[in-house]
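Here the protein sequences come in this chain order: A and B.
Each residue of the first sequence is one higher than the one before, counting from 0 in numbering that gives the first Met the number 0.
Each residue of the second sequence is one higher than the one before, counting from 0 in numbering that gives the first Met the number 0.
No residue lacks a Cβ here, since even glycine has one placed at the ideal position from N, Cα and C.
It should be emphasised that the depicted structure is a prediction, and the values quoted were computed from it without experimental measurement.
A short write-up of the structure that comes next.
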Amino acid sequence: MTTKSLKVDVHHLTRVEGHGNIVVDVQNGELKQCELQIVETPRFFEAMLRGRPYSDSSHITSRICGICAVGHATASLRATEKALGVQPSEQTVLLRKLNFHGEILDSHILHAYMLVAPDFLGVGSVIPLAKSAPEVVLRALRMKKLAGDLCKAISGRHTHPIAMTVGGFTHFPTSEELAALRERLVAMRADVDTTVELFSTLPIPDFSRDTEYIALHKPDEYCFIDGVIASTDGGTWPTEDYRRVTNETIVPHSSAKHTANQRESYMVGALARFNVNYDQLHPRAKAAAATLGLKPKNTNPYMNTVAQVVEIVHCVEDAIRLIDQLLARGVVWEEPAPPTRLSGEGVGACDVPRGTLFHNYVIEDGKVIGANCIIPTGQNLANIEADMRKLVPEILDRTQEQITRALEMLVRAYDPCISCSTHLLNVQFV
Amino acid sequence: MSAKPKVAFFEFTSCEGCQLTVVDSLQDHPELLDTVEIVQFREAMSEKGEDYAIAFIEGSCSRPSDEPKLQAIRQQAAIVVALGACAHLGGVNAIRNRMPLQEVREYVYGDRAEWFETYEPRPIKDVIKVDAVIPGCPIDRREFIKAVTHLLQGRMPFIPDQPLCMECKLKENICVYTRGKVCLGPITLAGCDAICPTYGDGCEGCRGLIANPNIEAMRQVMHEHGLTDEAIDAKLSMFLTNQIMALEEAG
Ligand code: SF4
Ligand code: SF4
Ligand code: SF4
């Protein structure tokens, strides 16, 4: 039994999106305090949507987060479409999925290569890595560029997409553009394989804590948009019932709320999706998972980055499939599907890079009168703290520096997006 | 070699999309890393240096406790560049500046409205002196590269003052007004290659107003295209709330 005392105070955690502090206080071997503090400024997006035309919502909420802007826009459009009885066409659904894959790829490549890999390669950032291992950095940039170009072809821009609108698109990629992207995606397989190899050699910390894993689920595809909410503890819920799953509570040390479903906390994100939806993965992604030593249900949160690598494989393959499907049917210019009513309530759910995202709007006469957004990092916060509470006693024999690093790496593995985790509570719909 | 300018990136209230655009710029221009020394970029690196000459600031200032931080950056940096619409104009964050602050707080945080510090989001220039601006939400990659090149040459980045419509015409776009949509092109600063009209959507004004915008004529045009006063106000407040409020105040 150790009688060690320890204080960890990481002010403004680096290589994550947004501002967060890690505070751990151990006195005589007893864990007194263990918190991930969110110190980002509150953003008030829900309040900003109120009173505005429904067509503004996706453009405004995409500005919640620069890294999953397509995810916010898509969830926002789905919430609006459900509220107003809009039925998007099959082509719209295909293009949205393809666009979404572009964003998942962009975000996962950024996180795995530029934010996480430096920890394992013993450098403070990707910048010295550009000197010591230029091929790694160039590979990451090459892959990321393709992901960005995919988004650009469909919606004009990756961060803050332009051409996505309620009911459809305002611009369409040509067959030539899609065919060229397909060719580049096929060529990218070599980089993807090298990525799998690289991550299979990284010494992922040995730590495990069983928790509830939650992701959107569909029986016939690896789900990123719509579906039902599903848990590894059993149970599914329609997305409309998201409040029953998230059960938000407020904690004083964080401007983001905490959530809990069937246990004291749950996890969302790539590892949760992998655990819930393994069966729906592309065969090449399953093979990559085997190479990477990842099997469901995996309970090591550090493996979230590895699950992201598996999803990189899946998204590349599925993007190729989607392009084939679009090319076979031909992309035609079509007007967005119109609303069938101007008042209603809807919930849009998407599994964005960091996990399940919900947008919920109440619209009256074409104007948003109530809004609630629940972002993945908010759902993960309680789980991250529970991980830290289990991890700290297990590694107390290490130096303060090692413990700090292990905690930073743990938080970073979740790929937290703190910029947008600043939100809300008690949203009253009038 | 040792004369490489030291550069730091900071973010205040923002989505970090502009900093991500900086990372993306490196996809096309990796040589940039050889010309400057980045000493701080919290989102991308753990190393942290306080010795910098150029500070790029993303995000708006939305709480009093941000002010001393901005002042410290101003003291250190020879050149301060506002990066993107949040830093330049207050960005989408400023949408709420026409709403009663207390109502906004209570809507989102209920009876804990007082727990979190906030005030009306403002552009960086309202707090400290800003030497240059790279507009847009997000910033334009080419413009960022051009601005850095200018700074390295000892020049200030130059943003031409002409309306977006000119750029849009050069691109031979079909004006979105002819397709029943509205666009702020006539009063918005060009420089993004008219990307929104090119992708079939109207301009939201993210680069800010041209020098002498005729807001009344713009309202009239939108009115003729069937927008109510309320809808026009919504259009003019996605990115332009602070600028329009300042114009109103000036009369
Ligand atoms: S200007 Fe736009 S892209 Fe840049 S930080 Fe602000 S919201 Fe994000
Ligand atoms: S689409 Fe907009 S920017 Fe282009 S010409 Fe028309 S009003 Fe001007
Ligand atoms: S077209 Fe308008 S809204 Fe779009 S990027 Fe350019 S200035 Fe911004």
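request  = Starting from Ile224(A), find everything on chain B with Cβ-Cβ shorter than 9 angstroms and list it in chain order.
outcome  = Within the first sequence, residue 224(A) is the residue found at index 225, counting from 1. Within 9 angstroms Cβ-Cβ: nothing; Ile224(A) doesn't reach chain B, min ~21 angstroms.
Closer than 7 angstroms at the beta carbon, the chain B residues around Phe119(A) = For this step, residue 119(A) is matched to residue 120 along the first sequence. By Cβ distance, chain B contributes nothing, its closest Cβ being about 13 angstroms from Phe119(A), past 7 angstroms.
query = Do you know offhand how far Ser59(B)'s Cα is from Ala245(B)'s?
reply = Position 60 of the second sequence holds residue 59(B). Position 246 of the second sequence holds residue 245(B). Roughly 16 angstroms separates the two Cα atoms.
ask   = Looking at Val22(A) and ligand 2, is the gap between the Cβ and the nearest heavy atom below 8 angstroms?
value = Taking the first residue of the first sequence as 1, we reach residue 22(A) at position 23. Not under cutoff, so the answer is no.
inquiry  = Is Arg121(B) close to chain A? Criterion is C-beta to C-beta, closer than 9 angstroms.
reply    = As a position in the second sequence, residue 121(B) is number 122, starting the count at 1. So no, Arg121(B) is outside the interface.
query = Which chain B residues are close to Arg51(A), counting only those with a beta carbon under 7 angstroms from its beta carbon?
reply = Residue numbering aside, residue 51(A) sits at position 52 when the first sequence is read from its first letter. Within 7 angstroms Cβ-Cβ: Ala233.
Lys389(A) (DSSP reduced to helix, strand or coil) = For the purposes of this step, residue 389(A) is taken as residue 390 along the first sequence, with counting starting at 1. Three-state result, Lys389(A): helix.
query = From what residue to what residue does the alpha helix (DSSP H) around Phe99(A) run?
reply = Mapped onto the first sequence, residue 99(A) falls at position 100. Where Phe99(A) is concerned, the enclosing alpha helix (DSSP H) stretches over 89-108.
task = Could you tell me whether the stretch 298-312 of chain A touches the stretch 322-329 of chain A, using the rule of 3 or more Cβ pairs below 8 angstroms?
result = no
key: Minimum length 4: unbroken alpha helix (DSSP H) runs contained in the stretch 115-176 of chain B   = 140-151, 163-169
request  = For Phe8(B), write down the residues that DSSP places opposite it in a beta bridge.
outcome  = As a first step, residue 8(B) is located in the second sequence; it is residue number 9 there, counting from the start. For Phe8(B), which the question treats as bridged, DSSP gives the partners Phe40(B), Phe55(B).
request  = Using three-state DSSP, classify Val115(A) as helix, strand or coil.
outcome  = Working through the first sequence from its first residue, we reach residue 115(A) at position 116. Residue state, collapsed to three classes: helix.
message = Beta carbons nearer than 8 angstroms to chain A: which residues of the stretch 193-219 of chain B have them?
response = Ile194, Cys195, Thr197, Tyr198, Gly199, Asp200, Glu203
ask   = When the Cβ atoms of the stretch 158-170 of chain A are set against those of the stretch 221-228 of chain A, are three or more pairs found closer than 8 angstroms?
value = no
task = Rounded to whole angstroms, what's the CA-CA distance from Ala271(A) to Asp414(A)? Just pull it up for me.
result = Within the first sequence, the letter at position 272 stands for residue 271(A). Within the first sequence, the letter at position 415 stands for residue 414(A). Spanning the two alpha carbons is a distance of roughly 13 angstroms.
ask   = Would Pro137(B) be called buried (16 or more neighbouring beta carbons within 10 Å of its own) or exposed?
value = Translated into the one-based positions of the second sequence, residue 137(B) becomes position 138. Pro137(B) is buried by the Cβ-count criterion.
query = Using a Cβ-Cβ cut-off of 6 angstroms (strictly less than) and excluding sequence neighbours within five positions of Gln427(A), which residues of its own chain qualify?
reply = On the first sequence, position 428 is the one that residue 427(A) refers to. Only weak support exists for where Gln427(A) lies, its pLDDT of 28 falling under 50; the coordinates are left without a value.
inquiry  = Quick check: Val195(A) and Leu291(A), are their CB atoms within less than 9 angstroms of each other?
reply    = For the purposes of this step, residue 195(A) is identified with residue 196 of the first sequence, where counting begins at 1. For the purposes of this step, residue 291(A) is identified with residue 292 of the first sequence, where counting begins at 1. Taking 9 angstroms as the Cβ cut-off, Val195(A) and Leu291(A) qualify as a contacting pair.
ask   = Taking buried to mean at least 16 other C-beta atoms within 10 Å of its own C-beta, is Ile133(B) buried or exposed?
value = Position 134 of the second sequence, counted from the first residue, corresponds to residue 133(B). Per the 10 Å Cβ criterion, buried.
Rounded straight-line distance, which links the Cα of Gly135(B) to that of Glu247(B) = Taking the first residue of the second sequence as 1, we reach residue 247(B) at position 248. Taking the first residue of the second sequence as 1, we reach residue 135(B) at position 136. About 23 angstroms.
request  = Return yes when at least one heavy atom of ligand 2 lies under 8 angstroms from the C-beta of Val132(B), else no.
outcome  = For the purposes of this step, residue 132(B) is identified with residue 133 of the second sequence, where counting begins at 1. No, Cβ of Val132(B) sits at least 8 angstroms from all heavy atoms of ligand 2.
ask   = Of all the options Thr231(A), Gly347(A), Tyr53(A), Arg42(A), which has the alpha carbon lying nearest to the alpha carbon of Val91(B)?
value = The residue you call residue 91(B) lines up with position 92 of the second sequence. If we check each option's Cα against that of Val91(B), Arg42(A) comes out closest.
ask   = Is the Cβ of Phe43(A) closer than 9 angstroms to any Cβ of chain B?
value = Your numbering for residue 43(A) matches position 44 in the first sequence. Yes, its Cβ sits closer than 9 angstroms to a Cβ of chain B.
query = Within the 9 angstroms Cβ cut-off, does Ser1(B) reach chain A?
reply = Here residue 1(B) refers to the residue found at position 2 when the second sequence is read from its first residue. The pLDDT assigned to Ser1(B) is 47, lower than 50, so where the model puts this residue is not dependable; a value taken from the coordinates is nonetheless given after this. False, the Cβ-Cβ gap to chain A never drops below 9 angstroms.
query = By the criterion of Cβ-Cβ separation under 8 angstroms, what are the contact partners of Asp55(A) in chain B?
reply = Against the first sequence, residue 55(A) aligns to sequence position 56. Correct list: Ala233, Met237.
9 angstroms Cβ cutoff, Ala230(B) in contact with chain A = As a working note, residue 230(B) is residue 231 in the second sequence. Yes - at least one Cβ of chain A is within 9 angstroms of the one on Ala230(B).
task = Return no unless some Cβ of chain B is closer than 9 angstroms to the Cβ of Gly233(A).
result = On the first sequence, residue 233(A) is found 234 positions in, with the first residue counted as 1. Judged by the 9 angstroms Cβ criterion, Gly233(A) is not in contact with chain B.
query = Whose CA, out of Gly204(B), Leu235(B), Gln242(B), Val80(B), lies closest to the CA of Phe9(B)?
reply = In the second sequence, residue 9(B) corresponds to position 10, counting from 1. Nearest of Gly204(B), Leu235(B), Gln242(B), Val80(B) to Phe9(B), Cα basis: Val80(B).
request  = Output, in chain order, the set of chain B residues within a Cβ distance shorter than 9 angstroms of Cys64(A).
outcome  = Reading the first sequence from its first residue, position 65 is the one you call residue 64(A). What Cys64(A) touches in chain B: Cys14, Glu15, Gly16.
query = How about Met98(B): is its C-beta nearer than 9 angstroms to some C-beta of chain A?
reply = Locating residue 98(B) in the second sequence gives position 99, counting from the first residue. So, interface residue.
ask   = Any heavy atom of ligand 2 within a distance shorter than 8 angstroms of the CB on Leu252(B)?
value = This structure leaves residue 252(B) out entirely; chain B is present only between 0 and 250.
query = Which ranges would you report for the alpha helix (DSSP H) in the stretch 275-310 of chain A if only whole runs of at least 4 residues count?
reply = 282-291
task = Look at Thr12(B) and Ser61(B) and say whether their C-beta atoms are less than 9 angstroms apart.
result = By 1-based counting over the second sequence, the position of residue 12(B) is 13. By 1-based counting over the second sequence, the position of residue 61(B) is 62. Going by C-beta atoms, Thr12(B) is nearer than 9 angstroms to Ser61(B).
query = Got a sec, what are the start and stop residues for the beta strand (DSSP E) Ala146(A) sits in?
reply = Translated into positions along the first sequence, residue 146(A) becomes position 147. No beta strand (DSSP E) contains Ala146(A), which is instead part of the alpha helix (DSSP H) from 133-154.
key: is_contact[Ser342(A), chain B] using C-beta, thresh 9 angstroms   = Position 343 of the first sequence, counting from 1, holds the residue named residue 342(A). For Ser342(A), the answer is no, since every Cβ of chain B falls outside 9 angstroms of its Cβ.
task = Give me the Cα-Cα distance between Phe119(A) and Leu406(A), rounded to the nearest whole angstrom.
result = Walking along the first sequence from the start, residue 119(A) turns up at place 120. Walking along the first sequence from the start, residue 406(A) turns up at place 407. Going by the C-alpha atoms only, they are around 14 angstroms apart.
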